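First up is the structure itself, then whatever we jot down about it.
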Amino acid sequence: MRLSSGSTICFYLPFFFLFIFSSYAQELTCDSGNLTSTCIITSPKNASQIQMPINAHSISINSGGSLSCNYAECVIQIELTGALDLSGSVSITGGNIVINAENITIERTATISADGMGSDPSTGLGAGASSMSGPGQGAAYAGGSSMTGCGGPATINSNNYGNSVEPTDSGSGGGSSPYAFGGGGGGIIVLTATTMEIDGVITASGDPGEANITGSGAGGGSGGTIVLSSNIISGSGSIKTDGGAGGQGSAAINTGGSGSGGMIRLNYNGTMSPSIDISSSGGLSGQCSGQTSAAAPGTIFDGNREKLMIKSGLSSSWVGGYTYLTTGLYDCAIYISNYAQVIIDSSPSSVNYLECAALSVVEYSSLTVCTKPQCGAFVF
Numbered sequence: 000m001r002l003s004s005g006s007t008i009c010f011y012l013p014f015f016f017l018f019i020f021s022s023y024a025q026e027l028t029c030d031s032g033n034l035t036s037t038c039i040i041t042s043p044k045n046a047s048q049i050q051m052p053i054n055a056h057s058i059s060i061n062s063g064g065s066l067s068c069n070y071a072e073c074v075i076q077i078e079l080t081g082a083l084d085l086s087g088s089v090s091i092t093g094g095n096i097v098i099n100a101e102n103i104t105i106e107r108t109a110t111i112s113a114d115g116m117g118s119d120p121s122t123g124l125g126a127g128a129s130s131m132s133g134p135g136q137g138a139a140y141a142g143g144s145s146m147t148g149c150g151g152p153a154t155i156n157s158n159n160y161g162n163s164v165e166p167t168d169s170g171s172g173g174g175s176s177p178y179a180f181g182g183g184g185g186g187i188i189v190l191t192a193t194t195m196e197i198d199g200v201i202t203a204s205g206d207p208g209e210a211n212i213t214g215s216g217a218g219g220g221s222g223g224t225i226v227l228s229s230n231i232i233s234g235s236g237s238i239k240t241d242g243g244a245g246g247q248g249s250a251a252i253n254t255g256g257s258g259s260g261g262m263i264r265l266n267y268n269g270t271m272s273p274s275i276d277i278s279s280s281g282g283l284s285g286q287c288s289g290q291t292s293a294a295a296p297g298t299i300f301d302g303n304r305e306k307l308m309i310k311s312g313l314s315s316s317w318v319g320g321y322t323y324l325t326t327g328l329y330d331c332a333i334y335i336s337n338y339a340q341v342i343i344d345s346s347p348s349s350v351n352y353l354e355c356a357a358l359s360v361v362e363y364s365s366l367t368v369c370t371k372p373q374c375g376a377f378v379f
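The opening residue of the sequence shown carries number 0 in numbering that gives the first Met the number 0; numbering runs sequentially from there.
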């Protein structure tokens, strides 16, 4: 969670903290062991006060330990020649987390999180619009955010951005409403290791918009980016860049729009555990015509199989936005499912996605290939 709920000064906090702490940032202090062998952490550590990058042989974060910073887009960079082990209910939390190690192990109750630590409310490339009189708009990233309340497609935020094959962006912040702040966008997590065991959670999801049950809710933030690179990725944990839910209002029409899913890329030379739950769903919003509204899902790119997956997390046809693909995929497969709605731009300046080896559209989903003028009919 971020330090502020979205006041103007929050935008400047990263620069403020970097200025203040740069003069006395110190080397990571181990609770036992040392940086040249294994540094054991069993107490909370404020990453804002630690020199980056953290260079060590191995780091083990055990019960009671954490490494975190509490402002948007805060950088945590860890460079290890050995292993990173997260054991017990421990966490690493930041806005831009980059870890290189020989082995990374995240046990069942451990978390690496950039939830809501990307762009602040109403900021970012796909920022949701704020309102002085009604609900806040959800934020976009890979897909369009859901409609605000039950206002119809005209209220969808379609400021999509990013590269689904090589994602590098933070999620954007949801729009605020009177007396309710939008959710922050998900941050960025990049992990590289020879082997990874993921039994816990790696998440860069958008935060939900705040509720205002006597008025209008705020918009949810969009999911961020996760990139994992390893020879073998094992375990039964979860990887998430979900969008944030829209904040509840006094009625369905006053519910904030939800944020779209983010982007995930998985690089592995050997095997990837099928037991890991991988999700980049759009956030949920209010009830519209008896159905739950959801934002467009994000993208999951499997670099080993060259397969792009777009899957809504909602078993309903009421998905208020399209996942928009603009960057070329070569010799790939595109798999679309669970009511996801996808648009491919086939304008002369864009790569033709139909060169992909296979296209699979299943489970009530849709794929539209169009040029930009035609795509305009789909709110883009």
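Note that the Cβ used here is the ideal one computed from N, Cα and C, for glycine as well. The model shown is predicted, which means the values in this text are computed figures rather than measured ones.
Residue range of the unbroken beta strand (DSSP E) whose run includes residue i
{"i": "residue 167", "result": "That residue, residue 167, is in no beta strand (DSSP E); it is neither H nor E in DSSP."}
{"i": "residue 191", "result": "187-197"}
{"i": "residue 38", "result": "37-40"}
{"i": "residue 323", "result": "322-324"}
{"i": "residue 30", "result": "Taken as a continuous stretch (DSSP letters only), residue 30 belongs to no beta strand (DSSP E), as it is neither H nor E."}
{"i": "residue 206", "result": "From DSSP, residue 206 is part of no beta strand (DSSP E); its letter is neither H nor E."}
{"i": "residue 276", "result": "276-278"}
{"i": "residue 462", "result": "Because residue 462 is not part of the residues shown, which for the chain are 0 to 379, the question remains open."}
DSSP beta-bridge partners of residue i
{"i": "residue 43", "result": "65"}
{"i": "residue 224", "result": "187, 262"}
{"i": "residue 142", "result": "322"}
{"i": "residue 301", "result": "265, 306"}
{"i": "residue 54", "result": "78"}
{"i": "residue 202", "result": "112, 239"}
{"i": "residue 59", "result": "39, 84"}
{"i": "residue 384", "result": "In the structure as shown, the chain begins at 0 and stops at 379. Residue 384 is therefore absent and cannot be evaluated."}
{"i": "residue 49", "result": "25"}
Buried versus exposed call for residue i [16 or more other C-beta atoms within 10 Å across all chains shown]
{"i": "residue 40", "result": "buried"}
{"i": "residue 122", "result": "buried"}
{"i": "residue 140", "result": "buried"}
{"i": "residue 165", "result": "exposed"}
{"i": "residue 380", "result": "Lying outside 0 to 379, the shown extent of the chain, residue 380 is not represented and no answer is given."}
{"i": "residue 77", "result": "buried"}
{"i": "residue 25", "result": "exposed"}
{"i": "residue 94", "result": "buried"}
{"i": "residue 134", "result": "buried"}
{"i": "residue 170", "result": "buried"}
{"i": "residue 131", "result": "exposed"}
{"i": "residue 264", "result": "buried"}
{"i": "residue 33", "result": "exposed"}
{"i": "residue 253", "result": "buried"}
{"i": "residue 103", "result": "buried"}
{"i": "residue 176", "result": "buried"}
{"i": "residue 68", "result": "buried"}
{"i": "residue 152", "result": "With a pLDDT of 42 at residue 152, under the threshold of 50, the predicted position of this residue should be treated as unreliable, and no value is reported."}
{"i": "residue 329", "result": "Because the pLDDT of residue 329 is 45, which lies under 50, any placement of that residue in the model is unreliable, and the number read from its coordinates should be weighed accordingly. Exposed."}
{"i": "residue 276", "result": "exposed"}
Secondary structure, beta strand (DSSP E): runs of 3+ residues fully inside the region 73-140: Unbroken beta strand (DSSP E) stretches of 3 residues or longer found wholly inside the region 73-140: 74-79, 82-85, 90-92, 95-105, 110-112, given in chain order.
Sufficient close CB pairs (3 or more, under 8 Å) joining the region 153-167 to the region 192-210: As far as the Cβ criterion goes, the region 153-167 does not touch the region 192-210, which means the pair count is below three.
Contact the region 119-133 vs the region 269-276: 3+ CB pairs below 8 Å: Flag = no, the region 119-133 and the region 269-276 do not touch.
Three CB pairs or more closer than 8 Å across the region 176-193 and the region 229-246: Contact holds: three or more Cβ-Cβ distances are below 8 Å.
Segment contact flag, the region 83-91 with the region 168-187, C-beta cutoff 8 Å, min 3 pairs: As far as the Cβ criterion goes, the region 83-91 does not touch the region 168-187, which means the pair count is below three.
Stretch-stretch touch, CB-based, cutoff 8 Å, three pairs: the region 104-122 with the region 291-302: As far as the Cβ criterion goes, the region 104-122 does not touch the region 291-302, which means the pair count is below three.
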